[in-house]
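Engineer: Under our numbering, read the sequence shown as residues -18 to 85, first letter to last.
The beta carbon of each residue, even a glycine, is placed where N, CA and C say it ideally should be.
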Amino acid sequence: MRIALYPGTFDPITLGHIDIIRRAARMVDRLVIGVAINRDKGPLFSLEERVALIEAECVQLAQETGVEIVVHPFENLLIDCARDVGAQTIVRGLRAVSDFEYEF
-18 MRIALYPGTF DPITLGHIDI IRRAARMVDR LVIGVAINRD KGPLFSLEER
32 VALIEAECVQ LAQETGVEIV VHPFENLLID CARDVGAQTI VRGLRAVSDF
82 EYEF
């Protein structure tokens, strides 16, 4: 089974996030959306609200693609979350060249 993890704060989930979720779902059997808990950021929406918004957006995507989409909050390191969910792939989106430079 191909499992991917798409991590982020999703505060709130945007059309860009949904586009990445849709694209990633075409490549895997199971897509885990890791909702990061970052107490230093001071989120606009609570963790519960962010999870609910993501789940609501992903119901139709899961039906359309036939892929299991799971929302998984996490507070630890990304690599630990990836191990916990059994992900072989981490999905990342890039808004600008500066995002790429930050990631690498």
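1) On the CB-based measure, 16 or more other CB atoms within 10 Å of its CB, does E30 come out buried or exposed?
2) For the alpha helix (DSSP H) that contains E36, what are its first and last residues?
3) Shortest alpha-carbon distance to L12 belongs to which of V48, F55 and D61?
4) Using the three-state DSSP reduction, which class does I91 fall into: helix, strand or coil?
5) How long is the line joining the alpha carbons of E38 and M8, rounded to whole angstroms?
6) Helix, strand or coil: how does DSSP classify V52 here?
7) Does D21 pass the burial test, meaning 16 or more other C-beta atoms within 10 Å, or should it be called exposed?
8) In or out: A33 buried (at least 16 other Cβ within 10 Å) or exposed?
Structural biologist: So, to answer that:
1) It is exposed - the Cβ of E30 has fewer than 16 other Cβ atoms within 10 Å.
2) For E36, the enclosing alpha helix (DSSP H) starts and ends at L28 to T46.
3) Of the candidates V48, F55 and D61, the one whose C-alpha sits nearest the C-alpha of L12 is V48.
4) No statement about residue 91 is possible, as the shown extent of the chain runs from -18 to 85 and does not include it.
5) So the alpha carbons of these two residues sit roughly 19 Å apart.
6) The three-state reading of DSSP puts V52 in strand, counting E and B together.
7) With fewer than 16 other Cβ atoms within 10 Å, it is exposed.
8) A33 is exposed by the Cβ-count criterion.
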